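Student: Encoded as structure tokens, here's the structure I'll be asking about.
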Amino acid sequence: MYNLVWKDLKLGINPAFLLFPLVLNALMLIPGWIYFIVPMYFCWITMPNIFGGFRAQNDLMFTAMMPVTKKDIVKARVSVIVIMELLHLVTAMIYGIFTLRLYPNLTYYFFAPHMGFWGLCFVMLAIYNLVFIPLFYKTAYKFGGAMCASITAAMLFAGVAQWVGIQSPRVNDIFNGSGADHTALQLSLLIAGIAIFIAFTLIAYRIGAKRFLKVEIL
Amino acid sequence: MLAIDIRNLNKKYPNFQLRDVSFQLEKGYIMGFIGANGAGKTTTIRSILNMIHIDSGEVRILGKNVAEHEIELKQEIGYAFGGFEFYTRSKIKTLTDVIKKFYANWNEETYHSYLRRFKLDENKKVAELSTGMKVKYSLALALSHGAKLVILDEPTSGLDPVARDDLLDIFQELVLDGEISILFSTHITSDLEKCADYITFIDNGQIIASSEKHEFMEAYRLLSGSESQLNQVKAQLISYKINSFGFTGLIRAKDFDPSTNLKAATPSLEEIMIYFAKKEDAYV
Numbered sequence: 000m001y002n003l004v005w006k007d008l009k010l011g012i013n014p015a016f017l018l019f020p021l022v023l024n025a026l027m028l029i030p031g032w033i034y035f036i037v038p039m040y041f042c043w044i045t046m047p048n049i050f051g052g053f054r055a056q057n058d059l060m061f062t063a064m065m066p067v068t069k070k071d072i073v074k075a076r077v078s079v080i081v082i083m084e085l086l087h088l089v090t091a092m093i094y095g096i097f098t099l100r101l102y103p104n105l106t107y108y109f110f111a112p113h114m115g116f117w118g119l120c121f122v123m124l125a126i127y128n129l130v131f132i133p134l135f136y137k138t139a140y141k142f143g144g145a146m147c148a149s150i151t152a153a154m155l156f157a158g159v160a161q162w163v164g165i166q167s168p169r170v171n172d173i174f175n176g177s178g179a180d181h182t183a184l185q186l187s188l189l190i191a192g193i194a195i196f197i198a199f200t201l202i203a204y205r206i207g208a209k210r211f212l213k214v215e216i217l
Numbered sequence: 000m001l002a003i004d005i006r007n008l009n010k011k012y013p014n015f016q017l018r019d020v021s022f023q024l025e026k027g028y029i030m031g032f033i034g035a036n037g038a039g040k041t042t043t044i045r046s047i048l049n050m051i052h053i054d055s056g057e058v059r060i061l062g063k064n065v066a067e068h069e070i071e072l073k074q075e076i077g078y079a080f081g082g083f084e085f086y087t088r089s090k091i092k093t094l095t096d097v098i099k100k101f102y103a104n105w106n107e108e109t110y111h112s113y114l115r116r117f118k119l120d121e122n123k124k125v126a127e128l129s130t131g132m133k134v135k136y137s138l139a140l141a142l143s144h145g146a147k148l149v150i151l152d153e154p155t156s157g158l159d160p161v162a163r164d165d166l167l168d169i170f171q172e173l174v175l176d177g178e179i180s181i182l183f184s185t186h187i188t189s190d191l192e193k194c195a196d197y198i199t200f201i202d203n204g205q206i207i208a209s210s211e212k213h214e215f216m217e218a219y220r221l222l223s224g225s226e227s228q229l230n231q232v233k234a235q236l237i238s239y240k241i242n243s244f245g246f247t248g249l250i251r252a253k254d255f256d257p258s259t260n261l262k263a264a265t266p267s268l269e270e271i272m273i274y275f276a277k278k279e280d281a282y283v
């Protein structure tokens, strides 16, 4: 399994995509922006490029020739997706801390980058994984449809969450108002988000692995 | 011991079917797997490697069932599918560094000795290798992880005669001590005449014959005679061609009556393949 993760990081993924979050997430420094857009670049740019790369390099056949189980192939690929997602979110969170310090008196119309907001971002990626991974492993090479469906689902969630955040005074208060200074509340929102992320990704892996067992490698 | 033991393999596709494919390869020998394009060679090979799901039948490698011992067996199988068409923009060195981690019995010394022998430069990218070099790279990988069975899908297609001859010599050396067995599929039958011990012939998803090479060729006769003589043997012929001198046709040796004054010769593998393909056309 670790060998497969190593293979993806060393061979499969262009190193530029490992540096990409460091540069791209500087977008977090834009004051008062719709910060949901920042982690969404992962879904829009990084994922399609990485998966296009795998297909162009004939990775599926290469991997199938190695002495590994089909289950491990899926497990490793899901792990790689999670590694990339964490890389994006963690760097974005670090930039977010700077944003909060740089503009202390800003009035946020959209969500401010507090921990509660990052909890929502974890949920967004959880939904993304839950849609993408099972759809992709129907064939293990066609990623266009899975990509469209998963991006749409993630964007719908982000859109609705943001809309509720603006419309509902209570939600607004939790994420941007007085609740934002309440560390325990914020931390619990983040933890809840991470828990959903873990649960959805595990479900996605299980469905994906089950489907991949039926795939014929040609 | 049998290196490969395939019994009653069946696999149905919408437009193609493998029917009751069975053949065995004794350890330490080279088997040529021949058949026209689309006859089912690659499908058979993929099912040996458990890459596709077979409908029924059993595949045993080195005495073990592939479906049950896939991982263990893949440590002992080396393959080359055509060339090496993966991560072609990466350097050989980078690729090997990744690949060797998968194999428990990887031997660095063996690997380097094969690189030297095959004149492979580790710092070259896969895309910079010629087709022959790619096959040699696959072979170097297979032999460095101690493969007991080497499966090659059309390794010699697209190679020039010198490179082909070179590869065939290597194959023969590999099986010398009786530890390594080779199955290689090809439609370049002259390669097999040079180096194979056994021949398995597949046509339209069915195994026509699987036997020792000379036995296989001796099982058929290539007849030639005038058009008027054709009628005497027409019913027994597998197929035939008519030309301005008369006809030539392929017949099973057991169906041939030597008392007729037809000219009979032992056919080459290529001729056997061609006449079988022609038989199919006749039914279409």
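Line by line, the protein sequences give chains X and F.
In terms of numbering that gives the first Met the number 0, the first sequence has 187 at position 188, counting the first letter as 1, and numbering is strictly consecutive.
In terms of numbering that gives the first Met the number 0, the second sequence has 0 at position 1, counting the first letter as 1, and numbering is strictly consecutive.
Where is the CB? At the ideal position from N, CA and C, for every residue including glycine.
Here the structure is a predicted model, which is why all the values come from computation and not from measurement.
Hey, would you say F/Ala-162 sits closer than 8 Å to F/Val-149, going by beta carbons?
Tutor: Cβ atoms of F/Ala-162 and F/Val-149: not closer than 8 Å.
Student: Does any CB atom of chain F fall closer than 8 Å to the CB of X/Phe-211?
Tutor: Not closer than 8 Å to any Cβ of chain F, the Cβ of X/Phe-211 fails to qualify, so no.
Student: Could you check what DSSP says for X/Met-27 in three-state terms: helix, strand or coil?
Tutor: helix
Student: Under three-state DSSP, which class holds F/Val-134?
Tutor: Helix at F/Val-134.
Student: Considering only their Cβ atoms, is the gap separating F/Ile-198 from F/Phe-349 smaller than 8 Å?
Tutor: In the structure as shown, chain F starts at 0 and stops at 283, and residue 349 of chain F therefore has no counterpart that could be examined.
Student: Compute the Euclidean distance between the alpha carbons of X/His-87 and F/Thr-43, then round it to the nearest angstrom.
Tutor: 44 Å
Student: Beta carbon of F/Ile-29, beta carbon of F/Ile-181: below 8 Å?
Tutor: yes
Student: Chain F beta carbons: is any one of them nearer than 8 Å to that of X/Trp-5?
Tutor: True, the Cβ-Cβ gap to chain F drops below 8 Å.
Student: When DSSP labels each residue in this structure, what does F/Phe-32 get in the three-state scheme?
Tutor: strand
Student: Could you name the residues of chain X that F/Ser-89 contacts, counting a contact when the two beta carbons are closer than 8 Å?
Tutor: Leu-10
Student: Following the continuous beta strand (DSSP E) through F/Tyr-78, name the residue where it begins and the one where it ends.
Tutor: 76 to 80
Student: CB F/Thr-294 to CB F/Leu-167, shorter than 8 Å?
Tutor: Chain F is shown only over 0 to 283; residue 294 of chain F falls outside these bounds and no answer can be derived.
Student: Give, in chain order, every residue of the stretch 24 to 54 of chain F whose Cβ lies closer than 8 Å to some Cβ of chain C.
Tutor: Judged by its chain identifiers, the structure shown contains no chain C, and its protein chains are X and F.
Student: Per DSSP, what kind of secondary structure is F/Asn-7 in: helix, strand or coil?
Tutor: In the three-state DSSP reduction, F/Asn-7 falls in the strand class (E or B).
Student: Check the Cβ-Cβ distances between F/Val-97 and every residue of chain X, and say whether any is below 8 Å.
Tutor: Yes, F/Val-97 lies at the interface with chain X (some Cβ there is under 8 Å from its Cβ).
Student: Can you tell me the Cβ-Cβ gap for F/Ile-250 and F/Ile-237, rounded? I've got them flagged as a contact below 8 Å.
Tutor: 6 Å
Student: Mind pulling the chain X residues with CB within less than 8 Å of F/Ile-70?
Tutor: Pro-66, Val-67 and Thr-68
Student: Give the straight-line distance between the Cα atoms of F/Ala-252 and F/Glu-25, rounded to the nearest whole angstrom.
Tutor: 26 Å
Student: For F/Val-283, which residues from the same chain have a beta carbon less than 6 Å from its beta carbon, with the 5 sequence-adjacent residues on both sides left out?
Tutor: The predicted position of F/Val-283 is uncertain, since its pLDDT is 49 and thus under 50; a value taken from the coordinates is nonetheless stated next. Closer than 6 Å at the Cβ level, and outside the excluded window around F/Val-283, lies no residue.
Student: Below 7 Å on C-beta distance, what does F/Glu-84 contact in chain X?
Tutor: Asn-57
Student: So, for F/Phe-83: in the same chain, excluding its five sequence neighbours on each side, which residues have a beta-carbon less than 8 Å away from its beta-carbon?
Tutor: Hits under 8 Å: Val-125, Leu-128, Lys-133, Val-134, Tyr-136 and Ser-137.
Student: Roughly how far, in whole angstroms, is the beta-carbon of F/Ser-267 from the beta-carbon of F/Glu-217, given that I think they are within contact range, below 8 Å?
Tutor: Incorrect: roughly 12 Å between the Cβ atoms, too far for contact.
Student: Is the stretch 77 to 92 of chain X touching the stretch 4 to 17 of chain X in the sense that three or more CB pairs, one from each, lie closer than 8 Å?
Tutor: Enough Cβ pairs lie closer than 8 Å, so yes.
Student: Excluding the 5 residues flanking X/Ala-198 on each side, which residues of the same chain have their C-beta closer than 6 Å to its C-beta?
Tutor: none
Student: When the Cβ atoms of the stretch 195 to 214 of chain X are set against those of the stretch 38 to 53 of chain X, are three or more pairs found closer than 8 Å?
Tutor: no
Student: Using a Cβ-Cβ distance under 8 Å, would X/Phe-135 count as near chain F?
Tutor: no
Student: Would F/Phe-244 pass as an interface residue toward chain X - the criterion being a Cβ-Cβ separation below 8 Å?
Tutor: no
Student: Can you find a CB in chain F that lies within less than 8 Å of the CB of X/Ile-216?
Tutor: yes
Student: In terms of DSSP beta bridges, what is F/Asp-202 paired with?
Tutor: F/Gln-205
Student: Going by DSSP, what residue range makes up the alpha helix (DSSP H) through F/Glu-57?
Tutor: Run containing F/Glu-57: none in the alpha helix (DSSP H); it sits in the beta strand (DSSP E), 55 to 60.
Student: Are any of the Cβ atoms in chain X nearer than 8 Å to that of F/Thr-185?
Tutor: Cβ-Cβ to chain X under 8 Å: no for F/Thr-185.
Student: With a cut-off of 8 Å, does the C-beta of X/Asn-104 fall near any C-beta of chain F?
Tutor: no
Student: So what's F/Gln-235 in DSSP terms, helix, strand or just coil?
Tutor: coil
Student: Taking C-beta pairs closer than 9 Å, name the residues in chain F that X/Met-60 reaches, listed in chain order.
Tutor: Met-50, Phe-80, Glu-84 and Phe-85
Student: If I follow the unbroken alpha helix (DSSP H) through F/Ser-112, where does it start and stop?
Tutor: If you look at F/Ser-112, you'll find it in the alpha helix (DSSP H) that goes 107 to 116.
Student: Residues of chain X with CB under 8 Å from F/Ala-93, in chain order?
Tutor: In the sequence on display, residue 93 of chain F carries Thr and not Ala. Result: Lys-9 and Leu-10.
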